[in-house]
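Shown next, in structure tokens, is the structure this report addresses.
There are 2 protein chains.
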Amino acid sequence: MKGLASATAAVPIGAGKYSAEIQPGWDIMGNANGGYLLAIAARAAANEVQRPDPVSVTAHYLRPGMPGPVTIETQVLRSGRRCAVARSTMTADGPLVAVLGTYGTLEPSGHLERLESGPPDLPPPDDCIPIEPTETFPPPFMGRIEIRLDPADSLHATGVPSGKARVRGWFRLRHEEPIDTIALLVAVDAFPPTIFNADLPIAWSPTIELTAHVRARPQPGWLRCAFTTRFISGGFLEEDGEVWDESGTLVAQSRQLALVPKG
Amino acid sequence: MKGLASATAAVPIGAGKYSAEIQPGWDIMGNANGGYLLAIAARAAANEVQRPDPVSVTAHYLRPGMPGPVTIETQVLRSGRRCAVARSTMTADGPLVAVLGTYGTLEPSGHLERLESGPPDLPPPDDCIPIEPTETFPPPFMGRIEIRLDPADSLHATGVPSGKARVRGWFRLRHEEPIDTIALLVAVDAFPPTIFNADLPIAWSPTIELTAHVRARPQPGWLRCAFTTRFISGGFLEEDGEVWDESGTLVAQSRQLALVPKG
């Protein structure tokens, strides 16, 4: 198994329980990436309900995840014709992540498609800014995936925030690993926070909750991604994501809610 | 207790369990409104964690809810300084709705606010279209709440869909009942589906999942609401909502994922 498939493997150990391991190197400042943790918990639930695709999954983050063994407890709530619903909870010393999801088997629908907008207009990957990992910043996690940032969202091109809470760019897995719908759960949480470009005194914004909707299985190649924050208010901010494949298909939408720490 | 407070009352019966009742009249074609069911389940969880406000709650809909007694089983997963996380599952003969949520105590934050856009620009309530209930369509549910639709989203003004999957309007509870943050969970699912205005052969689009983020407690008065669908693709559509109070504060954001039935 290649990188992400191996790092999200969940082995059934009976009675709806799975054994997995948070692998080193998937962290940001020591804490495992939230999309990565969601991917592990969703992989276990998808296996339990025997449906490969996370149609809609929501993670609430309880405690930081550190490298080491974890257990995922799953519970099937409904198994219907098109979809199945399951809970999965990842636990180490205590509960780390709680996930509620609907899983299915995605097929090209064909019959009714209407899009109000298309994929983000990005410069080619070679004209975008690659992010390579360091032991601190950019974090080790960047070595597990590959992203290229649009220089127009200027922070990573010029060191100066663009002033707009937006990040766009390309995503793929390293070593030509194929991107399945579980890997899309990593893609929606892989980019630098939008607020880094907002030119506001927010250095850290812990995610409370992340929801991803997966619409289709991606074609091979780079994914085009765009993340935007429209509302910083009430002590919270949302980050909305869109992920499109190389054929121009919308493959995932995401929204996360993050805390704005009190200054 | 007034209408919604009474209709969402959840009485603790021990060991994290609550007794409640799906009241008649909160239905659309016989099935209880999804936001109403979420409000009942969130009310129980909020009580269990002793935090009044549903900061981020996600419901997955398992089976239609019919009038009658239900049980809500809650489980607290984490109780921290600012937030608590809990699951709640509503059951009648079988599980109806599964909810995962983070609850807190919302306070005006003041310290950092940035909004990329403001409340929707609506004609005054008296110049909008009131929707009154019938036994079929508009459904009985409309008698429990009060909405006034912007005539620009023309279906309900002219009988002709506007062609754009958007619905905007005003929301309040009947009989001057105050709107708390649990009632906002009803507001985000109270309007006619956006796709009714899309002029597409979609008559019915069952909700798989609904997530609401509550940013603030609303001031008394009407709420300004806007719901938009941008992507009908892959056999699914999303409906994004924004709810603002009369003082111009963003009080809630929502997104739901619905199935597009095969034609």
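Top line first, the protein sequences correspond to chains Y and D.
Using the numbering used here, you'd call the opening residue of the first sequence number 68 and step up by one each time.
Using the numbering used here, you'd call the opening residue of the second sequence number 68 and step up by one each time.
Glycine is no exception: its CB is placed at the ideal position from the N, C-alpha and C atoms.
Residue-level contact to chain D via CB, residue i, 8 Å cutoff
i, result
"L290/Y", "no"
"T138/Y", "no"
"L105/Y", "no"
"P162/Y", "yes"
"L71/Y", "no"
Cβ of residue i within 8 Å of any chain Y Cβ
i, result
"E202/D", "no"
"G332/D", "The structure shown has nothing for residue 332/D, since chain D only spans 68 to 330."
"A250/D", "no"
"F298/D", "yes"
"A99/D", "no"
"L216/D", "no"
Three-state secondary structure assigned by DSSP to residue i
i, result
"P187/D", "coil"
"M157/D", "strand"
"L267/D", "coil"
"A293/Y", "strand"
"G210/Y", "helix"
"S73/Y", "helix"
"L105/D", "helix"
"F139/D", "Note on residue identity: the sequence assigns Ile, not Phe, to residue 139/D. Of the three classes helix, strand and coil, the one that applies to I139/D here is strand, per DSSP."
"L31/D", "In the structure as shown, chain D begins at 68 and stops at 330. Residue 31/D is therefore absent and cannot be evaluated."
"P79/Y", "strand"
"V152/D", "strand"
"E306/Y", "strand"
"P287/D", "coil"
"D333/Y", "With chain Y covering only 68 through 330, there is no way to say anything about residue 333/Y."
"I246/Y", "coil"
"H223/Y", "helix"
"I89/D", "strand"
"V253/D", "helix"
"E276/D", "strand"
"I299/Y", "strand"
"D120/Y", "strand"
"T203/D", "coil"
"I196/D", "strand"
Cross-chain neighbours of residue i in chain D, by beta carbon under 7 Å
i, result
"K329/Y", "H178"
Under 8 Å by beta carbon: chain D residues contacting residue i
i, result
"T158/Y", "Those within 8 Å of T158/Y in chain D number zero; the least Cβ separation is about 10 Å."
"A165/Y", "L144, V152, R154 and L167"
Please confirm if the stretch 209-219 of chain Y is in contact with the stretch 191-199 of chain Y, defined as three or more CB-CB distances below 8 Å between the two stretches.
yes
Which residues, in order along the stretch 256-289 of chain D, keep a beta-carbon less than 8 Å from a beta-carbon of chain Y?
A265, L267, P268, I269, I275, E276, T278, H280, R282 and A283
Would the stretch 152-167 of chain D and the stretch 198-205 of chain D be scored as touching if the rule is three or more Cβ pairs under 8 Å?
no
Which residues of the stretch 220-254 of chain D have a Cβ closer than 7 Å to any Cβ of chain Y? Give them in chain order.
none
Could you run through the stretch 121-155 of chain D and flag, in chain order, every residue whose CB is less than 8 Å away from some CB of chain Y?
V122, S123, T125, H127, L129, R130, L144, R145, R149, C150, V152 and R154
Output, in sequence order along the chain, the residues in the stretch 178-197 of chain Y whose CB is closer than 8 Å to any CB in chain D.
H178, L179, E180, R181, L182, E183 and S184
Any residues in the stretch 304-322 of chain Y with a beta carbon nearer than 7 Å to a beta carbon of chain D? Which ones, in chain order?
E305, L317, Q320 and R322
Any chance the stretch 135-154 of chain Y sits against the stretch 132-148 of chain D, with 3 or more Cβ pairs inside 8 Å?
no
Hey, is the stretch 260-268 of chain D in contact with the stretch 89-108 of chain D, meaning 3+ C-beta pairs nearer than 8 Å?
no
Three or more beta-carbon pairs under 8 Å between the stretch 231-248 of chain D and the stretch 275-291 of chain D, yes or no?
yes
Could you tell me whether the stretch 122-129 of chain Y touches the stretch 70-84 of chain Y, using the rule of 3 or more Cβ pairs below 8 Å?
no
Indicate whether the contact test is met: 3 or more Cβ pairs, each with one atom in the stretch 110-118 of chain Y and one in the stretch 219-227 of chain Y, closer than 8 Å.
no
Counting beta carbon pairs with one atom in the stretch 318-326 of chain D and one in the stretch 271-288 of chain D, are three or more of them shorter than 8 Å?
yes
Three CB pairs or more closer than 8 Å across the stretch 298-316 of chain Y and the stretch 83-94 of chain D:
no
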